[in-house]
């Protein structure tokens with residue numbers, strides 16, 4: 002009896018509720034009746050669908066240092082200067098021109114008029130000042146990049162100047178990176194508990210870029226729509242970034258035309274994409290460098306001797322490394338500055354496999370029965386194979402390598418403290434200047450995670466690096482960087498393995514995508530079209 | 027009965043306290059610094075310290091724990107380091123998806139598992155029994171990441187009957203929010219478009235998720251049924267001329283269900299927790315995927331929030347299981 006009455010009660014409750022709830026897909030809805038619901042967004046001209054492997058964290062340009070978030074934020078904001086096409090040099094953006102004082106400490110930018118944020122607010126000198134001051138006040142990763150700024154002044158409505166604490170030539174280049182994105186000053190209307198609007202901007206965009214974030218279904222997709230106020234009006238009205246964690250699923254979806262761009266297909270499955278008629282496989286050298294830190298001062302005593310480090314560099318079979326680990330989708334290094342960035346010296350010396358030379362160097366150094374630990378994590382899928390290959394290679398020259406695989410976060414802690422002999426690592430630049438490689442990797446001020454992860458210390462190198470970092474003459478800087486490269490290649494604190502290639506399967510229907518090595522994983526959506 | 031419920035709810039407080047304490051200590055013992063994850067690869071010491079201060083990580087562990095518990099009492103689970111949003115808000119977004127998947131998987135496991143168990147017991151040592159044994163052993167021993175991919179390959183890749191991932195088609199508006207469970211909400215709003223789309227999306231992950239629990243339930247039902255079939259009261263019932271489904275259900279299953287209910291209860295807990303891998307394979311936007319991403323980012327508040335949610339869920343499920351004994355076995359009431 003009781004059971005029956007419960008059933009009746011539930012049924013009544015259900016129907017009462019049902020009567021109150023509105024049908025969000027009812028035909029009267031102006032979005033259409035939604036009955037044609039194949040998953041085929043990729044096939045439509047108005048929609049570009051990109052499959053990415055994971056959801057995003059915060060989208061606040063003053064907070065995020067995560068490159069993967071940049072694919073959303075970069076098209077939603079504009080910067081004073083922008084990267085120019087495929088080059089790592091910058092071109093005018095919001096700023097139409099700029100000049101720098103002789104001592105390199107004052108940068109003055111004249112802005113283009115008519116740039117507006119998505120709510121119609123004008124982007125002027127005040128907005129630029131407010132945006133950078135907000136970034137500095139938030140004191141997160143991006144603030145560190147701009148810690149060189151001591152003062153920002155509004156000279157007139159459309160002229161803004163930056164006073165720097167010291168001469169820092171790469172400054173211009175940092176303005177083209179994601180954290181240079183100019184945020185609408187009205188963000189402060191969304192401030193809660195003095196957070197400067199961080200909570201709001203974590204899931205919203207407030208920029209003047211061609212697109213704005215209009216929908217974020219967490220764990221499913223992020224949708225960008227055209228910012229009606231933007232100066233440049235793109236041709237693709239809607240862009241979906243869909244989260245598809247599994248690479249094999251992405252491959253099937255690409256084949257069926259459900260997605261236009263697949264970011265997460267692993268290298269070992271890339272071959273199968275080549276056979277898809279409607280898909281083009283883009284392949285370009287990237288600025289992502291894969292290398293090994295050889296702990297030159299805190300690791301095994303033997304590693305303090307440059308001869309031992311050279312021997313390790315001679316012990317690696319670089320060519321088969323590229324073939325085994327990356328199925329050939331990588332380019333050998335030549336010096337620490339990768340090909341594609343100014344400061345790269347194509348004539349630099351590059352170590353090659355020479356077992357006899359390696360053995361004799363070890364003998365000269367008196368390093369017998371050397372046992373070294375190799376630290377790595379699961380951060381990169383290919384590191385397992387890479388670690389095993391290095392272990393096998395170095396065994397040939399009589400060095401016993403003990404693999405030490407730990408969680409990613411743990412590996413970072415150990416790198417910071419220098420608790421390793423050898424460690425796998427990757428590095429890509431935040432701004433287009435050899436400073437990103439040379440000064441970070443070799444200056445003894447940056448020991449540990451900050452960049453000099455080999456704990457390499459050389460006073461002569463320090464002096465030259467600082468000289469190169471404060472000169473405003475690019476030619477002089479390049480000459481200095483060449484000189485330093487010769488020294489550090491000889492000293493071999495890093496084993497330079499390869500530059501990874503950027504490989505991206507893109508549907509033939511997508512046109513106009515330009516790959517800029519500084520903006521890996523970021524799309525020039527405003528110029529792209531779909532047929 | 028009321029007294030028992032009250033006692034159990036009181037116990038919940040201690041369980042949550044114990045779980046938070048252990049999780050808090052564990053997450054602080056493991057090496058790794060959330061501040062360095064947040065401030066970027068190349069942050070210097072000064073920035074790291076600023077970020078630590080912002081996150082409250084510069085305080086002693088006990089103070090951090092006390093602050094956390096104080097927040098917890100007022101329903102504040104802290105702010106996620108990764109998403110920069112209140113953890114509770116994040117979990118409220120993701121929890122219904124996990125719950126919906128677990129509930130459907132649970133029903134699939136019961137609806138198929140119980141009849142299959144009865145069949146195997148009644149037809150002991152025949153073809154049906156062996157077939158069910160093969161089916162269940164493969165269910166228990168097949169890892170979800172493999173069966174998931176296989177199912178996607180067949181039903182999405184080859185046949186094209188179901189979508190490969192997500193919760194609803196992107197052009198279909200999710201049903202008006204009532205419970206957050208799309209199937210239920212779309213029924214409530216009479217939204218057939220959303221209902222069909224949600225159903226198409228949930229079926230594959232739910233079937234894959236249910237597989238292992240289905241196997242366990244089938245084995246349990248079979249074992250208990252075999253025991254009951256030997257009992258004297260059962261043979262007496264047959265001697266009295268009772269037969270067919272009525273005999274099996276009223277005299278057999280009802281008695282065999284009591285041990286099974288415990289297994290089923292534990293099953294549901296396992297489904298909630300086990301959804302992690304399934305959610306990753308099927309791109310299902312639930313808590314499992316959220317917590318996996320959070321762990322990789324050392325997002326302690328998010329990990330703690332997930333643990334608190336799941337432990338409360340486990341305790342409540344066990345309470346429901348115990349209550350169901352009362353319904354099934356009137357003797358316990360006395």
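Residue numbers (our numbering), protein chains in the order written: chain V, 2 to 532; chain Z, 27 to 360. Ideal Cβ placement from N, Cα and C applies to all residues, glycine included.
Exercise. Does the beta carbon of residue 310/Z come closer than 9 Å to any beta carbon on chain V?
Worked result: Sequence index remark: in the second chain, residue 310/Z carries index 284 (1-based). By this cut-off, residue 310/Z is an interface position.
For this session: Evaluate residue 594/V with the Cβ neighbour count: other Cβ atoms within 10 Å of its Cβ, from every protein chain shown; 16 or more gives buried, anything less gives exposed.
Result: Outside the displayed range of chain V (2 to 532) lies residue 594/V, so it cannot be described from this structure.
Problem set entry | chain V residues whose Cβ lies nearer than 9 Å to that of residue 330/Z | Residue mapping note: residue 330/Z aligns to position 304 of the second chain, counting from 1. The contact set of residue 330/Z on chain V, defined by CB atoms closer than 9 Å, is empty, because the minimum CB distance reaches about 16 Å.
Exercise. At what residue ranges does the segment 203-282 of chain V contain a whole run of the beta strand (DSSP E), taking only runs of 3 or more?
Worked result: Listed in chain order, they are 212-218, 222-227, 239-244.
For this session: Out of 377/V, 303/V, 415/V, state which residue places its alpha-carbon closest to the alpha-carbon of residue 364/V.
Result: The residue labelled residue 364/V in the question sits at position 363 within the first chain. Nearest C-alpha to residue 364/V: 303/V.
Exercise. With a CB to CB cut of under 8 Å and the five nearest residues on each side skipped, what residues in its chain are close to residue 134/Z?
Worked result: The sequence position of residue 134/Z within the second chain is 108, counting from 1. Counting only Cβ-Cβ distances below 8 Å, and skipping sequence neighbours, we find 232, 233, 236, 240.
Problem set entry | Rounded straight-line distance, which links the Cα of residue 126/Z to that of residue 363/Z | Past the edges of chain Z, shown from 27 to 360, lies residue 363/Z, and the structure says nothing about it.
Exercise. If residue 377/V sits next to residue 425/V, beta carbons under 8 Å apart, how far is it from one beta carbon to the other, in whole angstroms?
Worked result: Translated into the one-based positions of the first chain, residue 377/V becomes position 376. Translated into the one-based positions of the first chain, residue 425/V becomes position 424. Right, their Cβ atoms sit about 4 Å apart.
For this session: For the beta strand (DSSP E) containing residue 48/V, list its first residue and its last residue.
Result: In the first chain, the residue the question calls residue 48/V occupies position 47. Note, residue 48/V: beta strand (DSSP E), 48-53.
Exercise. Between residue 247/V and residue 220/V, is the Cβ-Cβ spacing less than 9 Å?
Worked result: Looking up residue 247/V in the first chain gives position 246. Looking up residue 220/V in the first chain gives position 219. No Cβ-Cβ contact shorter than 9 Å links residue 247/V with residue 220/V.
Problem set entry | For residue 465/V and residue 481/V, believed in contact at Cβ under 8 Å, the rounded distance | In the first chain, the residue the question calls residue 481/V occupies position 480. In the first chain, the residue the question calls residue 465/V occupies position 464. At roughly 6 Å, the Cβ-Cβ gap stays under 8 Å, so residue 481/V and residue 465/V are in contact.
Problem set entry | residue 92/Z, buried or exposed, once every other Cβ within 10 Å from all chains shown has been counted against 16 | As a first step, residue 92/Z must be located in the second chain, where it is residue number 66. Exposed: under 16 other Cβ atoms inside 10 Å.
Exercise. Among 218/Z, 140/Z, 158/Z, 76/Z, which has the Cα closest to the Cα of residue 143/V?
Worked result: Locating residue 143/V in the first chain gives position 142, where the first residue counts as 1. 76/Z is the residue among 218/Z, 140/Z, 158/Z, 76/Z whose C-alpha sits nearest the C-alpha of residue 143/V.
For this session: Starting from residue 117/V, follow its DSSP beta bridges and name the residues at the other end.
Result: The count along the first chain starts at 1 and reaches residue 117/V at position 116. Paired residues: 123/V.
Exercise. Can the beta-carbon of residue 81/V be found closer than 9 Å to that of residue 183/V?
Worked result: In the first chain, residue 81/V corresponds to position 80, counting from 1. In the first chain, residue 183/V corresponds to position 182, counting from 1. Contact annotation: residue 81/V and residue 183/V have beta-carbon atoms nearer than 9 Å.
For this session: Pick out the complete beta strand (DSSP E) segments inside the segment 336-387 of chain V, 3 residues or longer, and give them in chain order.
Result: With a minimum length of 3 residues, the unbroken runs of beta strand (DSSP E) contained wholly in the segment 336-387 of chain V fall at 372-377.
For this session: Return the first residue and the last residue of the alpha helix (DSSP H) that residue 308/V is part of.
Result: Here the question's residue 308/V lines up with position 307 in the first chain. Note, residue 308/V: alpha helix (DSSP H), 307-315.
Exercise. Leaving out the 5 sequence neighbours to the left and right, which residues in its chain are closer than 7 Å to residue 232/V when beta-carbon positions are compared?
Worked result: In the first chain, counting from the first residue as 1, residue 232/V sits at position 231. These residues qualify, in order along the chain: 115, 116.
For this session: For the segment 228-254 of chain V, enumerate the residues whose C-beta is nearer than 7 Å to any C-beta of chain Z, in chain order.
Result: Result list: 241, 244, 245, 246, 247, 249, 250, 253, 254.
Problem set entry | Interfacial residues, the segment 214-243 of chain Z to chain V, with Cβ spacing under 7 Å | For the segment 214-243 of chain Z, which is checked against every Cβ of chain V, the residues closer than 7 Å are 214, 215, 216, 217, 219, 220, 223.
Problem set entry | Assigned exposure category for residue 36/Z - 16 Cβ within 10 Å defines buried | As a first step, residue 36/Z must be located in the second chain, where it is residue number 10. Classification of residue 36/Z: exposed, given that the 10 Å Cβ count is below 16.
Problem set entry | Residue-level contact to chain Z via CB, residue 410/V, 9 Å cutoff | Reading the first chain from its first residue, position 409 is the one you call residue 410/V. Chain Z, which has a Cβ nearer than 9 Å to the Cβ of residue 410/V, makes this yes.
For this session: Report the residues of the segment 157-189 of chain Z with a CB closer than 8 Å to any CB of chain V, ordered along the chain.
Result: So the close ones are 175, 178, 179, 182, 183, 186, 189.
Exercise. How would you call residue 244/Z, buried or exposed, if buried means at least 16 neighbouring beta carbons within 10 angstroms?
Worked result: Along the second chain, one-based indexing puts residue 244/Z at 218. Burial call: buried.
Problem set entry | Closest residue to residue 387/V among 326/V, 104/V, 79/V, 137/V (Cα-Cα distance) | In the first chain, counting from the first residue as 1, residue 387/V sits at position 386. The residue with the shortest Cα to Cα distance from residue 387/V is 326/V.
Exercise. Span of the beta strand (DSSP E) holding residue 333/V?
Worked result: Walking along the first chain from the start, residue 333/V turns up at place 332. If you look at residue 333/V, you'll find it in the beta strand (DSSP E) that goes 331-333.
Exercise. Straight-line CA distance for residue 150/V to residue 78/V?
Worked result: On the first chain, residue 150/V is found 149 positions in, with the first residue counted as 1. On the first chain, residue 78/V is found 77 positions in, with the first residue counted as 1. Going from the Cα of residue 150/V to the Cα of residue 78/V covers about 21 Å.
Exercise. Candidates 243/V, 172/V, 370/V: which alpha carbon is nearest residue 102/V's?
Worked result: Here residue 102/V refers to the residue found at position 101 when the first chain is read from its first residue. The shortest C-alpha separation from residue 102/V is found at 172/V.
Problem set entry | Contact set for residue 166/V: own chain, Cβ-Cβ below 6 Å, skip 5 residues either direction | Counting from one through the first chain, the residue named residue 166/V turns up at place 165. Once the five neighbours on either side are set aside, the close Cβ partners of residue 166/V are 149, 151.
Problem set entry | Buried versus exposed call for residue 308/Z [16 or more other C-beta atoms within 10 Å across all chains shown] | Taking the first residue of the second chain as position 1, residue 308/Z is located at position 282. Label assigned to residue 308/Z: buried.
Exercise. Hey, residue 87/V and residue 489/V are a contact pair by Cβ (cut 8 Å); roughly how many whole angstroms apart?
Worked result: Position 86 of the first chain, counting from 1, holds the residue named residue 87/V. Position 488 of the first chain, counting from 1, holds the residue named residue 489/V. About 28 Å separates the CB atoms of residue 87/V and residue 489/V; that is not less than 8 Å, and the two are not in contact.
For this session: Taking only beta-carbon positions, decide if residue 222/V is within less than 9 Å of chain Z.
Result: Reading the first chain from its first residue, position 221 is the one you call residue 222/V. Chain Z, which has a Cβ nearer than 9 Å to the Cβ of residue 222/V, makes this yes.
For this session: Inspect the CB distances between the segment 294-304 of chain Z and the segment 328-340 of chain Z and report whether three or more fall short of 8 Å.
Result: The segment 294-304 of chain Z vs the segment 328-340 of chain Z: in contact.
Exercise. According to DSSP, is residue 199/V helix, strand or coil?
Worked result: As a first step, residue 199/V is located in the first chain; it is residue number 198 there, counting from the start. Of the three classes helix, strand and coil, the one that applies to residue 199/V here is helix, per DSSP.
Problem set entry | Contacts around residue 120/Z, its chain only, beta-carbon distance under 6 Å, and the 5 residues preceding and following it disregarded | Your numbering for residue 120/Z matches position 94 in the second chain. 312, 313, 316.
Problem set entry | Euclidean distance between Cα positions of residue 414/V and residue 73/Z | Your numbering for residue 414/V matches position 413 in the first chain. Your numbering for residue 73/Z matches position 47 in the second chain. In a straight line, the C-alpha of residue 414/V is about 16 Å away from that of residue 73/Z.
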